[in-house]
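Only one structure is covered here, and it is reproduced in the block below.
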Amino acid sequence: MTEEFNFEQHSHRRFNPLTNSWVLCSPHRTKRPWQGQKEINNNDILPDYDPTCYLCPGNERAQGAKNSNYENTFIFNNDFAAVKIEQPEYLPQEQIDKFSNLLRAEGVRGECKVMCFSPKHNITVAEMTEDAILHVIQSWIKIYQEMSTKTYINYIQIFENKGSIMGCSNPHPHCQIWCTETIPEEPSKELISMKNYYEKNHSCLLCDYIYLETIKLNHKPRIVCENDSFLCLTPFWAIWPYETMIISKSHIISLLDLNDNSNKNKLQDLANIIRRITCKYDNIFKSSFPYSMGIHQAPVDDKDHMNDSHLHFHFYPALLRSPTIKKFLVGYELLAEPQRDLTSELVAEQLKNCSEIHYKQNTSVCIPLAIRQAPTILYATSLNEVDGRTPEIIVSWSKERIHLDFELQGAGSLEETTLKQLKERLKKITGVPVNGQKLVFSGAVMKDNTAKLGSFGLHPFSKILLIGNKPNANDLVQTTTGSPEEHALIKRISESIEKTKTKLIPQIESFEISISSFLSEQDIDKDESDTTDMIKSKLVETHHYIVEALMQILLTLDDVACPPEFETARKKRREAVKYTQDLIDRVDVVKEQLQCSSSIKNNKGSSPSS
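Numbering of the sequence shown is given in UniProt numbering, commencing with residue 1 and proceeding in unit increments.
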C-alpha cells in the first residue's frame with residue numbers, strides 16, 4: 001500500500017506571502033533529543049520598586065537624567081539612540097557605472113524613544129489588567145500622532161523585547177519606539193508583497209487571509225483566540241516555534257485608525273487580545289515567556305498605502321521545547337532558508353488549551369500537548385488506555401533517556417503512582433538520591449512528593465526532565481552516615497545559602513548604602529519634601545522585599561527534613577538558619593536607623609521656638 005503524504009509527519013515547505021519567502025517544516029524532528037545549550041529559566045521574585053533600575057519612577061538614568069514619578073506609562077528619549085536627528089546630511093555619489101551599485105549607502109535620521117508600561121518593576125504585560133494595557137495602547141497612539149507631524153519621520157516601529165534571552169537588558173516592563181525617515185527592511189518587504197497582491201487580486205492580502213482562516217476553514221486549525229475586532233493565530237508560514245500574529249478583522253492600516261469615538265470598542269478588544277495571548281504564553285511553561293513583539297502598520301501619513309497596509313502585530317518567541325531550550329536560526333536556517341519542527345497547527349492547539357488566567361493567580365495546570373509521533377496517540381476515557389500499548393513516560397537525564405512502564409490499572413498505574421514512588425524508581429536506575437532529584441514537567445518543578453502523578457497533568461508518553469547527580473565517594477565522606485540521601489540534603493542547604501550570597505547580599509549592601517546616603521543628606525536641617533517622603537517610602541519597600549526573600553529562604557530550609565541520624569546535615573541546616581536570621585536582623589537594624597531619623601526630625605519640627 002502506497003504511503004500518503006502527511007503534513008504532520010513529512011517534510012514540506014510553506015510559503016509566506018507577506019515576505020515572499022519560504023520556510024522548511026520538518027515535523028518528524030520533534031523526536032530529536034536535545035543535548036545543546038540550556039538557558040536559565042529566571043523566575044526570580046522582583047520588588048515593586050528597584051532603586052538600582054534606570055526605568056523605575058524617580059530614579060536617575062545612565063546619563064544623569066531623572067525619571068518622573070509616573071503612575072501609568074512614561075515616555076522619554078532613548079539615552080543610547082540608534083538614530084539621531086542632528087547629523088550632517090549624506091549625499092550619495094551619482095551612479096556612473098555598474099560598480100556604483102555594489103557600495104551603496106544612505107544616511108538615516110530619526111528619533112528613538114523608550115516607553116515604560118508601568119511604574120511597577122515586577123510586572124509584565126501578561127500580568128497587567130486590560131485597562132492598564134489599554135493605557136499603553138493609547139500612549140502608542142499619542143506618540144504616533146506626535147511623531148507623524150515631523151517631516152523627517154516616515155515610519156514608526158514599536159517593538160518590545162521581553163526576557164534576557166531576547167536581549168532585553170532590563171526586566172522593568174517597557175518597549176522601544178524607533179522613528180526613522182526610511183521604511184525599515186521587514187515592513188518594506190511586507191508593503192511590497194501586499195501591494196503586488198492587491199494589484200493582482202484587487203483585495204487586501206491580510207483581509208483575504210482572515211477570511212480563509214475564519215470562514216472558509218470551519219475547524220479553524222490555527223486560530224488561538226479572537227474577539228469582535230481582532231484575532232490571534234499561529235500563521236501557516238510561521239518560522240519561530242510559538243510565533244503568533246494579532247490581526248485586525250476590519251481593514252485598518254495603522255494605530256491612528258483606532259483613535260476616534262467609533263473605535264472605542266476596538267481599542268478595548270485590542271487590549272483584551274494582547275492580555276490573552278501574553279497570558280497564554282506565560283502559562284505554557286509556567287514561567288515568564290520571552291519574545292520580541294512588533295507592530296507593523298502603514299508608513300506615516302501615507303494615503304498611498306490604504307489598500308496595501310493592514311494593522312497587525314508579530315510575536316516572535318525564541319523558546320523551543322521548554323523554558324530552557326532556545327531556538328537558534330543557524331546553519332541551514334542562516335545559509336539556506338528558515339526551518340521549524342513543530343507545525344503551526346500543533347502549536348495553535350497547545351496555546352488554545354492554555355488558561356487565560358495567569359499561572360501566578362491560577363492553580364490549574366496548562367499542559368502542553370505531547371509532541372505528536374506516528375502513529376498519533378489517541379486518548380481514551382482512562383488516562384492509561386493508549387491504543388492497547390503499555391503506558392510509559394520518558395525521563396531525560398543528562399544524555400540518557402529512561403523509559404518507565406506503568407500498569408494499566410491499580411496501585412502501579414500512572415494515575416495512582418506518587419511522585420516519591422517515581423523518585424524511588426529513578427533512584428534505583430540512576431543512583432541519584434530521592435532528596436537530590438529535581439523533576440521538571442511542562443516547565444514546572446514537581447514538588448509535592450505525596451501527590452499522584454495524574455495531579456501534575458502527566459499522561460502516557462509524557463516527557464520529564466531529571467536534574468541531579470549521583471554522589472561519589474568523596475561526596476559521601478562529608479556526611480555522618482555515608483548516605484547519599486544525607487549528602488543530597490547537605491547540597492540543598494548549601495545551594496540555598498549560595499543563592500542568598502550571590503543574589504541577596506549585593507541587594508542588602510546596596511540597601512545599606514542607599515540608607516547611609518539618605519541619612520547623610522538629612523543631616524542638613526530642612527523641611528521634608530514630597531521627594532524625600534517618596535525616597536523613604538521606596539527604601540521601606542526595599543526592606544520589605546529583602547526580608548520577604550530571606551523569609552522564603554527560611555521556609556526552604558524548613559522544608560529540608562533531616563532525620564536524627566543525619567548529624568552533619570542537621571548541623572548545616574542550623575548554621576544556615578542562623579546565617580539567614582542574622583541577615584534579617586542586619587537589614588532590620590538599618591531600617592531602624594531610618595525610623596529613628598524620622599522620629600528625630602519630627603521632634604525637632606514640633607519643639608517650640610526659643
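We put the CB at the ideal spot given by N, CA and C, even for glycine. None of these values were measured; they are calculated from a predicted model.
**Prompt:** Mind checking whether residue 617 and N78 have CB atoms under 9 Å apart?
**Reply:** No answer is possible for residue 617: it lies beyond the span of the chain, which begins at 1 and ends at 610.
**Message:** My output table needs one value for P506: the three-state DSSP class, helix, strand or coil.
**Reply:** In the sequence shown, the residue the question calls residue 506 occupies position 506. Reduced to three states, the DSSP call for P506 is helix.
**Prompt:** When you compare only the Cα positions, how much space is there between I367 and P88?
**Reply:** Working through the sequence shown from its first residue, we reach residue 367 at position 367. Working through the sequence shown from its first residue, we reach residue 88 at position 88. Residue confidence is low: I367 scores 43 on pLDDT, short of 50, so the model does not pin down where it sits. No coordinate-derived value is stated.
**Prompt:** Excluding the five sequence neighbours on either side, which residues of its own chain have a C-beta within less than 7 Å of the C-beta of V577, listed in chain order?
**Reply:** Position 577 of the sequence shown, counted from the start, is the residue given in the question as residue 577. Cβ neighbours of V577 beyond the five flanking positions: L554, L557.
**Asked** In angstroms, rounded to a whole number, what distance separates the CA positions of K447 and N474?
**Response** Position 447 of the sequence shown, counting from 1, holds the residue named residue 447. Position 474 of the sequence shown, counting from 1, holds the residue named residue 474. Spanning the two alpha carbons is a distance of roughly 28 Å.
**Cutoff 6 Å; reference L258; Cβ partners in own chain excluding five residues on either side** = Translated into the one-based positions of the sequence shown, residue 258 becomes position 258. Hits under 6 Å: K266, L267.
**Request:** Please report how far the alpha carbon of H305 lies from the alpha carbon of I252, in whole angstroms.
**Result:** Residue 305 sits at position 305 when you count from the first residue of the sequence shown. Residue 252 sits at position 252 when you count from the first residue of the sequence shown. Approximately 11 Å, taken between the alpha carbons.
**Asked** Which residue's Cα is closest to the Cα of K162: Y281, Y211, I96?
**Response** Residue numbering aside, residue 162 sits at position 162 when the sequence shown is read from its first letter. Measuring from the Cα of K162, the nearest candidate turns out to be Y281.
**Prompt:** What residues match up with E407 in a beta bridge as DSSP calls it?
**Reply:** One-based indexing of the sequence shown puts residue 407 at position 407. In the DSSP output, where bridge partners are listed per residue, E407 has S413.
**Residue environment, F285, which counts as buried when at least 16 other CB atoms sit within 10 Å** = For the purposes of this step, residue 285 is identified with residue 285 of the sequence shown, where counting begins at 1. That one is buried.
**Asked** Beta carbon of I45, beta carbon of Q552: below 9 Å?
**Response** Mapped onto the sequence shown, residue 45 falls at position 45. Mapped onto the sequence shown, residue 552 falls at position 552. Their beta carbons are under 9 Å apart, which means I45 touches Q552 by this criterion.
**Asked** Once you ignore the five residues that flank I429 on each side, which residues in its own chain have a CB closer than 8 Å to its CB?
**Response** On the sequence shown, residue 429 is found 429 positions in, with the first residue counted as 1. I402, listed in sequence order.
**Request:** Indicate the three-state DSSP secondary structure (helix, strand or coil) for Y54 in the structure shown.
**Result:** Numbered from its first residue, the sequence shown carries residue 54 at position 54. Note: Y54 maps to coil in three-state DSSP.
**Item:** Exposed unless 16 or more other CB atoms sit within 10 angstroms - verdict on F456
**Value:** In the sequence shown, residue 456 corresponds to position 456, counting from 1. Buried, because 16 or more other Cβ atoms sit within 10 Å of the Cβ of F456.
**Request:** Output the distance between the C-alpha atoms of E8 and E86, rounded to the nearest integer angstrom.
**Result:** Residue mapping note: residue 8 aligns to position 8 of the sequence shown, counting from 1. Residue mapping note: residue 86 aligns to position 86 of the sequence shown, counting from 1. Cα to Cα, E8 sits roughly 54 Å from E86.
**Message:** Between T532, C596, L550, I497, which has its C-alpha nearest E575's C-alpha?
**Reply:** Locating residue 575 in the sequence shown gives position 575, where the first residue counts as 1. Answer by Cα proximity: I497.
**Asked** Between the stretch 479 to 494 and the stretch 565 to 574, do at least 3 Cβ pairs fall closer than 8 Å?
**Response** yes
**Item:** Nearest candidate by alpha-carbon position, reference S21, set C53, A238, L102, T214
**Value:** Here residue 21 refers to the residue found at position 21 of the sequence shown. Relative to the Cα of S21, the nearest Cα in the group C53, A238, L102, T214 belongs to A238.
**Request:** Say whether the stretch 160 to 178 touches the stretch 192 to 212, bearing in mind that this needs 3 or more beta-carbon pairs closer than 8 Å, one atom from each stretch.
**Result:** The stretch 160 to 178 vs the stretch 192 to 212: no contact.
**Prompt:** How would you write the range of the alpha helix (DSSP H) that S139 sits in, first residue to last?
**Reply:** Numbered from its first residue, the sequence shown carries residue 139 at position 139. Run containing S139: 130 to 148, per the alpha helix (DSSP H) assignment.
**Asked** Taking the beta strand (DSSP E) that P317 falls in, what are its first and last residues?
**Response** As a position in the sequence shown, residue 317 is number 317, starting the count at 1. It spans 312 to 317 - the beta strand (DSSP E) in which P317 sits, taken as one unbroken run.
**Request:** Report yes if the C-beta distance between A132 and N196 is below 9 Å; otherwise report no.
**Result:** Taking the first residue of the sequence shown as 1, we reach residue 132 at position 132. Taking the first residue of the sequence shown as 1, we reach residue 196 at position 196. It is not a contact, given that the beta carbons lie outside the stated cut-off.
**Message:** For E190 and L18, which I take to be in contact (beta-carbon distance under 8 Å), what is that distance rounded to the nearest angstrom?
**Reply:** Taking the sequence shown and counting its residues from 1, the one referred to as residue 190 is at position 190. Taking the sequence shown and counting its residues from 1, the one referred to as residue 18 is at position 18. Right, their Cβ atoms sit about 5 Å apart.
**Asked** Over what stretch of residues does the alpha helix (DSSP H) that includes R425 continue unbroken?
**Response** Counted from its first residue, the sequence shown places residue 425 at position 425. Taken as a continuous stretch (DSSP letters only), the alpha helix (DSSP H) holding R425 covers 419 to 430.
**Asked** So, is K31 buried or exposed, given that buried needs 16 or more other C-beta atoms within 10 angstroms?
**Response** Residue mapping note: residue 31 aligns to position 31 of the sequence shown, counting from 1. Legend: pLDDT at K31 = 48, less than 50; position of this residue unreliable, value from coordinates given subsequently. Exposed is the call here.
**Asked** Which same chain residues, not among the five before or five after L206, have their C-beta less than 7 Å away from its C-beta?
**Response** Residue mapping note: residue 206 aligns to position 206 of the sequence shown, counting from 1. So the list reads I247, H310, H312, once near-sequence residues are dropped.
**Message:** Quick check: the stretch 414 to 425 against the stretch 438 to 453, are at least 3 beta-carbon pairs closer than 8 Å?
**Reply:** Verdict: yes, contact present.
**Message:** Let me check understanding here. Comparing Cα to Cα, which of Y144, S520, S139, D50 lies closest to P506?
**Reply:** Here residue 506 refers to the residue found at position 506 of the sequence shown. Among Y144, S520, S139, D50, the Cα nearest to that of P506 belongs to D50.
**Request:** Measure the alpha-carbon distance for C562 versus K571 and round it to whole angstroms.
**Result:** In the sequence shown, the residue the question calls residue 562 occupies position 562. In the sequence shown, the residue the question calls residue 571 occupies position 571. For C562 and K571, the distance between alpha carbons rounds to 10 Å.
**Request:** With a 10 Å radius around its C-beta and 16 neighbouring C-beta atoms as the bar for buried, classify I490 as buried or exposed.
**Result:** Taking the first residue of the sequence shown as 1, we reach residue 490 at position 490. Burial call: buried.
**Prompt:** Would you report the Cα separation of S517 and T532, rounded to the nearest angstrom?
**Reply:** As a first step, residue 517 is located in the sequence shown; it is residue number 517 there, counting from the start. As a first step, residue 532 is located in the sequence shown; it is residue number 532 there, counting from the start. If I take the Cα positions, the gap works out to 12 Å.
**Item:** Cut-off 7 Å between Cβ atoms - residues of its own chain near L550, not counting five sequence neighbours on either side
**Value:** Here residue 550 refers to the residue found at position 550 when the sequence shown is read from its first residue. L504, T580, L583, I584.
**Request:** Taking all protein chains shown into account, decide if L466 is buried (16 or more other Cβ within 10 angstroms of its Cβ) or exposed.
**Result:** Counted from its first residue, the sequence shown places residue 466 at position 466. Looking at its Cβ environment, which holds 16 or more other Cβ atoms inside 10 Å, L466 is buried.
**Asked** Which residues in the same chain have their Cβ closer than 7 Å to the Cβ of N101, if we skip the five residues on either side of it in sequence?
**Response** Reading the sequence shown from its first residue, position 101 is the one you call residue 101. Around N101: Q95.
**Request:** Report all residues from its chain with a CB closer than 6 Å to the CB of N283; omit the five preceding and five following residues, and keep chain order.
**Result:** Within the sequence shown, numbered from 1, the residue matching residue 283 stands at position 283. For N283, where only same-chain residues beyond five positions count, the Cβ hits under 6 Å are C354, S355, Y359, C366.
**Request:** Can you tell me which of T234, R104, A336 puts its alpha carbon nearest to the alpha carbon of L346?
**Result:** Position 346 of the sequence shown, counted from the start, is the residue given in the question as residue 346. For the options T234, R104, A336, the alpha carbon positioned closest to that of L346 is the one of T234.
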